[in-house]
Amino acid sequence: MKMNVRIASAAYAVPTGDEAVEAILARERDRVETTLAPLNAKARQKATEGLGLSRVRVCGSKQPYGLVLEAASTAIAEACITAQDINLILDYSTFPGENSQHLSFAHKLSAELGAETSLNLSFKTGGCGALHLAIKTAMGWMSTDESIQTALLVTGDTAPHGNRSLLPVTVQGDAGSAVILRRQGSKGPLLLGVEAITLSHLHDAIALVKTNGHLEIKVDAVCIENEVMPIYYLNLLRLVQKVLAASSLTLNDVDHFIYSNISQRDRDGFRRMVGLPEGGLPPTPMAEYGHTFASDLVINYVHMQREARIHPGQLLLFASAGIGFTWGVTLARA
Amino acid sequence: MEIKAEVRQFIAENVFLGVHQTTIEDTTPLVTGGLIDSIGMVGLVAFLEKHFAVEFMPREIDAHSMDSLERIEGLIRKKLAGRETAAGGAQQIP
Numbered sequence: 083m084k085m086n087v088r089i090a091s092a093a094y095a096v097p098t099g100d101e102a103v104e105a106i107l108a109r110e111r112d113r114v115e116t117t118l119a120p121l122n123a124k125a126r127q128k129a130t131e132g133l134g135l136s137r138v139r140v141c142g143s144k145q146p147y148g149l150v151l152e153a154a155s156t157a158i159a160e161a162c163i164t165a166q167d168i169n170l171i172l173d174y175s176t177f178p179g180e181n182s183q184h185l186s187f188a189h190k191l192s193a194e195l196g197a198e199t200s201l202n203l204s205f206k207t208g209g210c211g212a213l214h215l216a217i218k219t220a221m222g223w224m225s226t227d228e229s230i231q232t233a234l235l236v237t238g239d240t241a242p243h244g245n246r247s248l249l250p251v252t253v254q255g256d257a258g259s260a261v262i263l264r265r266q267g268s269k270g271p272l273l274l275g276v277e278a279i280t281l282s283h284l285h286d287a288i289a290l291v292k293t294n295g296h297l298e299i300k301v302d303a304v305c306i307e308n309e310v311m312p313i314y315y316l317n318l319l320r321l322v323q324k325v326l327a328a329s330s331l332t333l334n335d336v337d338h339f340i341y342s343n344i345s346q347r348d349r350d351g352f353r354r355m356v357g358l359p360e361g362g363l364p365p366t367p368m369a370e371y372g373h374t375f376a377s378d379l380v381i382n383y384v385h386m387q388r389e390a391r392i393h394p395g396q397l398l399l400f401a402s403a404g405i406g407f408t409w410g411v412t413l414a415r416a
Numbered sequence: 052m053e054i055k056a057e058v059r060q061f062i063a064e065n066v067f068l069g070v071h072q073t074t075i076e077d078t079t080p081l082v083t084g085g086l087i088d089s090i091g092m093v094g095l096v097a098f099l100e101k102h103f104a105v106e107f108m109p110r111e112i113d114a115h116s117m118d119s120l121e122r123i124e125g126l127i128r129k130k131l132a133g134r135e136t137a138a139g140g141a142q143q144i145p
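As you go down the protein sequences, you meet chains W and C in turn.
In this text, residue positions in the first sequence follow my numbering: the first is 83, and each later residue adds one.
In this text, residue positions in the second sequence follow my numbering: the first is 52, and each later residue adds one.
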């Protein structure tokens, strides 16, 4: 990667309200049972074990756009820039809210923040893997347009009403997050590489459909079990190896793996994949936030910063996979 | 080339630990039977690619294509045959 682009800042916002995962699964019992019905008994049992999630944050009066605005304002302040410095805003929200009236968060955000001349884009790539595609997209713009020096990447997501369970995978909480990338900057981790793949034949594994006028998330548990999971870590590992090899690095060089909060069992799988011992991944607030799609990586990164776990010169590897089905990995040097 | 025997030995020694090779029959369901999980799949595919000098595209791998020694052998033979054809060779695969 020839350009000097850094993660100047990152921030997130979560709603104040929360709900117990147990209560959610009880309320959505019919939907959960229907989803898991095609699985064998062992797989059904596995679906609810090892989640590692106890509560999730739930949007009330503050909807995803409000969370994005809060996160973006914090990120701008922490990057020591003003909104006028932002040349590109990318909104990569997966579930921005059923009642979202905006063309995209990017346009409204640009106006409200005062980033009047920013180029505003929105795309859906799906869930947890979207951050990597947003970074890659921003870097693409930067590489072809000298005037784009600063990019604001945002996502704000809330589960459609009655659709918090994504079993056999996870349970969804609400959050918004923002990342500021700066070209030729000196603050924050330097991006070394981004790799991503999407396998479109798995697009229906987790799909958003409209039933009786309401959005509904349909999880194809059999597809997840038989088609996604056999290649889930395989694809992640291939991307990890690819992004590291491009910088002449290996897994042993990575100081911190920043991985999503889908479930404890998934985090254990990732940990085994990269060869870390038990407890080798840094703690995250997943038990209290649930899985928040692409905000997971931002939340975990911000927590590591707050806990002063990241030191100058350390190698950070961000990895996640989600709806699409999309796998992504980003490598950065702090 | 005794593909099934080599894969059986790898699985017994590296993935399906603690189980004697003879208990892995040609049709034993490895993935759908829960014997090989998604992490085990990472090791299995790495072995197959290295040992048989083949490369799998992500779409080629799922619970069914890798679910038994019989199917794995079929997949490998298909790969090897494709490679022979691409190389213009007419060698028979034993």
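No residue lacks a Cβ here, since even glycine has one placed at the ideal position from N, Cα and C.
Determine, for residue i, whether the minimum Cβ-Cβ distance to residues of chain C falls below 7 angstroms.
{"i": "residue 317 of chain W", "result": "yes"}
{"i": "residue 271 of chain W", "result": "no"}
{"i": "residue 312 of chain W", "result": "yes"}
{"i": "residue 309 of chain W", "result": "yes"}
{"i": "residue 172 of chain W", "result": "no"}
{"i": "residue 333 of chain W", "result": "no"}
{"i": "residue 411 of chain W", "result": "no"}
{"i": "residue 295 of chain W", "result": "no"}
{"i": "residue 248 of chain W", "result": "no"}
{"i": "residue 281 of chain W", "result": "yes"}
What is the C-beta distance between residue i and residue j, in whole angstroms, given that I count them as a contact (C-beta under 8 angstroms)?
{"i": "residue 178 of chain W", "j": "residue 139 of chain W", "result": "Between residue 139 of chain W and residue 178 of chain W the Cβ distance is about 16 angstroms, and since that is not below 8 angstroms, they are no contact."}
{"i": "residue 312 of chain W", "j": "residue 118 of chain W", "result": "Incorrect: roughly 19 angstroms between the Cβ atoms, too far for contact."}
{"i": "residue 95 of chain W", "j": "residue 258 of chain W", "result": "5 angstroms"}
{"i": "residue 256 of chain W", "j": "residue 240 of chain W", "result": "4 angstroms"}
{"i": "residue 88 of chain W", "j": "residue 271 of chain W", "result": "6 angstroms"}
{"i": "residue 110 of chain C", "j": "residue 214 of chain W", "result": "About 20 angstroms separates the two Cβ atoms, so there is no contact after all."}
{"i": "residue 103 of chain W", "j": "residue 136 of chain W", "result": "6 angstroms"}
{"i": "residue 166 of chain W", "j": "residue 188 of chain W", "result": "In fact, because the Cβ distance is near 16 angstroms, the residues do not count as touching under 8 angstroms."}
{"i": "residue 98 of chain C", "j": "residue 61 of chain C", "result": "5 angstroms"}
Do you know how far the Cα of residue j is from the Cα of residue i?
{"i": "residue 134 of chain W", "j": "residue 219 of chain W", "result": "33 angstroms"}
{"i": "residue 154 of chain C", "j": "residue 393 of chain W", "result": "Residue 154 of chain C lies beyond the range of chain C shown here (52 to 145); nothing can be said about it."}
{"i": "residue 388 of chain W", "j": "residue 106 of chain C", "result": "43 angstroms"}
{"i": "residue 123 of chain C", "j": "residue 135 of chain C", "result": "18 angstroms"}
{"i": "residue 416 of chain W", "j": "residue 397 of chain W", "result": "6 angstroms"}
{"i": "residue 99 of chain W", "j": "residue 380 of chain W", "result": "20 angstroms"}
{"i": "residue 303 of chain W", "j": "residue 221 of chain W", "result": "35 angstroms"}
{"i": "residue 308 of chain W", "j": "residue 287 of chain W", "result": "10 angstroms"}
{"i": "residue 123 of chain W", "j": "residue 130 of chain W", "result": "12 angstroms"}
{"i": "residue 371 of chain W", "j": "residue 76 of chain C", "result": "45 angstroms"}
{"i": "residue 268 of chain W", "j": "residue 363 of chain W", "result": "28 angstroms"}
{"i": "residue 407 of chain W", "j": "residue 116 of chain C", "result": "19 angstroms"}
{"i": "residue 94 of chain C", "j": "residue 108 of chain C", "result": "16 angstroms"}
{"i": "residue 412 of chain W", "j": "residue 360 of chain W", "result": "23 angstroms"}
{"i": "residue 276 of chain W", "j": "residue 217 of chain W", "result": "8 angstroms"}
{"i": "residue 341 of chain W", "j": "residue 176 of chain W", "result": "18 angstroms"}
{"i": "residue 386 of chain W", "j": "residue 65 of chain C", "result": "35 angstroms"}
{"i": "residue 289 of chain W", "j": "residue 306 of chain W", "result": "12 angstroms"}
{"i": "residue 80 of chain C", "j": "residue 281 of chain W", "result": "25 angstroms"}
{"i": "residue 382 of chain W", "j": "residue 291 of chain W", "result": "30 angstroms"}
{"i": "residue 157 of chain W", "j": "residue 391 of chain W", "result": "19 angstroms"}
{"i": "residue 92 of chain W", "j": "residue 384 of chain W", "result": "7 angstroms"}
{"i": "residue 121 of chain W", "j": "residue 344 of chain W", "result": "20 angstroms"}
{"i": "residue 298 of chain W", "j": "residue 112 of chain W", "result": "14 angstroms"}
{"i": "residue 252 of chain W", "j": "residue 367 of chain W", "result": "15 angstroms"}
{"i": "residue 126 of chain C", "j": "residue 133 of chain C", "result": "11 angstroms"}
{"i": "residue 246 of chain W", "j": "residue 106 of chain W", "result": "7 angstroms"}
Taking Cβ positions only, does residue i come closer than 7 angstroms to chain W?
{"i": "residue 89 of chain C", "result": "yes"}
{"i": "residue 92 of chain C", "result": "yes"}
{"i": "residue 109 of chain C", "result": "yes"}
{"i": "residue 127 of chain C", "result": "no"}
{"i": "residue 62 of chain C", "result": "no"}
{"i": "residue 118 of chain C", "result": "no"}
{"i": "residue 123 of chain C", "result": "no"}
{"i": "residue 172 of chain C", "result": "A question about residue 172 of chain C goes unanswered here, because the residues of chain C that appear run from 52 up to 145."}
{"i": "residue 66 of chain C", "result": "no"}
{"i": "residue 58 of chain C", "result": "no"}
{"i": "residue 96 of chain C", "result": "yes"}
Within 6 angstroms: the Cβ of residue i and any heavy atom of the ligand COA?
{"i": "residue 96 of chain W", "result": "Among the components modelled here there is no ligand, and therefore nothing to report on the ligand COA."}
Against chain C: residues of the stretch 115–127 of chain W by CB proximity under 7 angstroms: Within the stretch 115–127 of chain W, the residues whose Cβ lies closer than 7 angstroms to any Cβ of chain C are, in chain order, 124.
contact_flag[the stretch 388–403 of chain W, the stretch 308–327 of chain W] where n(CB pairs < 8 angstroms) is 3 or more: With a cut-off of 8 angstroms, the stretch 308–327 of chain W and the stretch 388–403 of chain W count as touching, because enough Cβ pairs lie within range.
Meets three-Cβ-pair contact criterion under 8 angstroms: the stretch 190–205 of chain W and the stretch 374–390 of chain W: Output reads no: the stretch 374–390 of chain W does not touch the stretch 190–205 of chain W.
Against chain C: residues of the stretch 342–360 of chain W by CB proximity under 8 angstroms: Per Cβ criterion, the list reads 351, 354 and 355.
Residues in the stretch 366–397 of chain W having any Cβ partner in chain C nearer than 8 angstroms: Cβ contacts with chain C come from no residue of the stretch 366–397 of chain W.
At least 3 beta-carbon pairs within less than 8 angstroms: the stretch 343–357 of chain W vs the stretch 84–98 of chain C: Yes, the stretch 343–357 of chain W touches the stretch 84–98 of chain C.
Touch test, the stretch 261–276 of chain W against the stretch 232–247 of chain W, Cβ-Cβ under 8 angstroms, three pairs minimum: In the pairwise beta carbon analysis, the stretch 261–276 of chain W is classified as touching the stretch 232–247 of chain W: at least three pairs are separated by under 8 angstroms.
Contact residues within the stretch 198–229 of chain W, judged by C-beta distance below 9 angstroms to chain C: For the stretch 198–229 of chain W, the beta-carbon criterion of a distance under 9 angstroms to any beta-carbon of chain C is satisfied by none of its residues.
Inter-stretch contact at 8 angstroms, needing at least 3 Cβ pairs: the stretch 334–353 of chain W / the stretch 198–207 of chain W: No, because fewer than three Cβ pairs between the stretch 334–353 of chain W and the stretch 198–207 of chain W fall closer than 8 angstroms, the two stretches do not touch.
Short-range partners of chain W found in the stretch 72–85 of chain C, where Cβ spacing is below 9 angstroms: Listed in sequence order: 82, 83 and 85.
Contact list for the stretch 229–246 of chain W against chain C, Cβ threshold 9 angstroms: Those residues of the stretch 229–246 of chain W placed with their C-beta closer than 9 angstroms to a C-beta in chain C do not exist.
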